[in-house]
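Visitor:
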Amino acid sequence: MAKGRPHPRIFGTFPRVIRKYVKEDKLLDLSKAIYKMTWQPAERFKLEKRGKIAEGFFADLVLFDLNKISDTSDFLDPFHYCEGIEYVFVNGQLAIEKGKQTGKRAGRVLRKG
35 MAKGRPHPRI FGTFPRVIRK YVKEDKLLDL SKAIYKMTWQ PAERFKLEKR GKIAEGFFAD
95 LVLFDLNKIS DTSDFLDPFH YCEGIEYVFV NGQLAIEKGK QTGKRAGRVL RKG
């Protein structure tokens, strides 16, 4: 493992997009931002049955509080999880509950096609 400090976006890329570009700068509406972070990359990388909520698709879901979501790490102190993410489901399994890891490891490597 590399030594030193990681880039702060490792801990909060998508919450930063919502905080900065949706809520503060108003450059994107929430639905467009979600599309750009989910369905658009799934299509681009040909990740079948991923990226949107639809029958027959894998249940990869992030439930967040729009009023609280924010990135909290910076270059001086990058080791901070974001705020406002309440629940995360990976392949239908609850991975984060009330902001805490559940210990479930339902993820897997995704390959094109």
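Numbered according to this note's numbering, the sequence shown spans residues 35 to 147. Beta carbons are placed, not taken as given, at the ideal position from N, Cα and C, and that holds for glycine. Just so we're clear, the structure is a prediction, and the values are computed from it rather than from any experiment.
(1) In the DSSP assignment, find the beta strand (DSSP E) that holds E119 and state where it starts and stops.
(2) Pick out whichever of Q74, I87, K37, S107 has its Cα sitting closest to the Cα of R50.
(3) Consider the Cβ of K132: report whether some Cβ of chain C lies at a distance smaller than 8 Å.
(4) Tell me, please, whether the segment 55-64 touches the segment 39-47 by the rule of three or more beta-carbon pairs shorter than 8 Å.
(5) Going by beta-carbon coordinates alone, are L144 and F123 separated by less than 8 Å?
Guide: Let me spell this out:
(1) Residue mapping note: residue 119 aligns to position 85 of the sequence shown, counting from 1. In the sequence on display, residue 119 carries Ile and not Glu. Element bounds for I119: 119-124.
(2) Position 16 of the sequence shown, counted from the first residue, corresponds to residue 50. The residue with the shortest Cα to Cα distance from R50 is S107.
(3) Structure shown: chain C not included; a single protein chain is present.
(4) no
(5) Here the question's residue 144 lines up with position 110 in the sequence shown. Here the question's residue 123 lines up with position 89 in the sequence shown. It is not a contact, given that the beta carbons lie outside the stated cut-off.
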